[in-house]
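Below you'll find the structure, written out as structure tokens, and then a few comments.
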Amino acid sequence: MLRLSEGASLEVFDGTGRAFEARVAAVDAREARLTLGAARSTPPRRALSVLQGLPKGDKLEWVLQKGTELGAAAFYPVDTARSVVKLEPKRAGERTLRWEKIVEEAARQCRRNDVPQVHPPAALLDRARALPPGTQLLVLDEEETAVPLGEAFRACAPGAPVALVVGPEGGLTREEVAALRALGARGVTLGALILRTETAALAALAVMAHLEGELG
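Going by our numbering, the first residue of the sequence shown is number 986, and it counts up by one from there.
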């Protein structure tokens, strides 16, 4: 546990994109009072979201933690035809609270001034239909060979939000891909390498962060 005395300096953030230089004004057994300096805002960035098919084990937690480091703005755990994990409402609520803590801690550790949103699990197509207006939808499709992710990402409208769909173990069904394409999604490939679901999500975020000039 970090213990600070009166007069100590630290940086705090509000989770919405603002950070403050702060000084400890007073400390007692139950609380500390801070004096805040001027706010420092994070420059606007393109919103990159991940619709991740629910995977087994703790793979989603890995995607949430590392995806936060790579600049994701939101995560949408989605139920797909091949998702082995099926969460009842109570369990889903408990998991969502845990996931929110994971991204909050990851944001703090990598000094992000904002915290990505983690949405409760929902059906894939329901989530895809409810994305914010203007969102460019890309889907990692194992049968797509002609359109690299980088090419499709560069073709997205400048500054427009981008949401990437990643299937669970076993990938998406052809029916799911067709339904997503009917909603305007574009199928993309990460190349010849065969990647696990959690690796694919993070590799795709890294590609997009690189093209946005934030990595590499």
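Backbone N, C-alpha and C fix where the C-beta goes; we use that ideal spot for every residue, glycine too.
All figures in this text were calculated on a predicted structure; none of them were measured in a lab.
Please determine, among the options, the residue with the shortest C-alpha to C-alpha distance to residue i.
i     : options             : result
E1183 : V1009, Q1050, A1032 : Q1050
A1194 : V1088, A1142, V1147 : V1147
P1105 : V1069, S990, P1074  : P1074
P1029 : V1070, N1098, G1042 : N1098
Are residue i and residue j touching if we call contact CB-CB under 8 Å?
i     : j     : result
L1122 : A1113 : yes
Y1061 : L1033 : no
G1056 : E1160 : no
P1153 : T1020 : no
L1125 : L1175 : yes
L1072 : R1083 : no
E1085 : V1103 : yes
L1110 : A1059 : no
V1173 : L1116 : no
E1136 : G1156 : no
What does the Cβ neighbour count give for residue i, buried or exposed, with the cut at 16 atoms within 10 Å?
i     : result
G1052 : buried
K1044 : buried
I1087 : buried
R1096 : exposed
T1192 : The displayed chain sequence assigns Val, not Thr, to residue 1192. So V1192 counts as buried.
P1118 : exposed
In three-state terms, what does DSSP make of residue i?
i     : result
D1099 : strand
G1172 : strand
R1159 : helix
K1086 : helix
A1107 : strand
A1177 : coil
V1192 : helix
G1078 : helix
R1166 : helix
Is there a Cβ of chain B sitting closer than 8 Å to that of residue i, yes or no?
i     : result
V1048 : Going by chain labels, chain B is absent from the structure shown, which holds only one protein chain.
Which runs of the alpha helix (DSSP H) at least 4 residues long sit entirely within the segment 1047-1075? Give them in chain order. DSSP runs (the alpha helix (DSSP H)) wholly in the segment 1047-1075: none.
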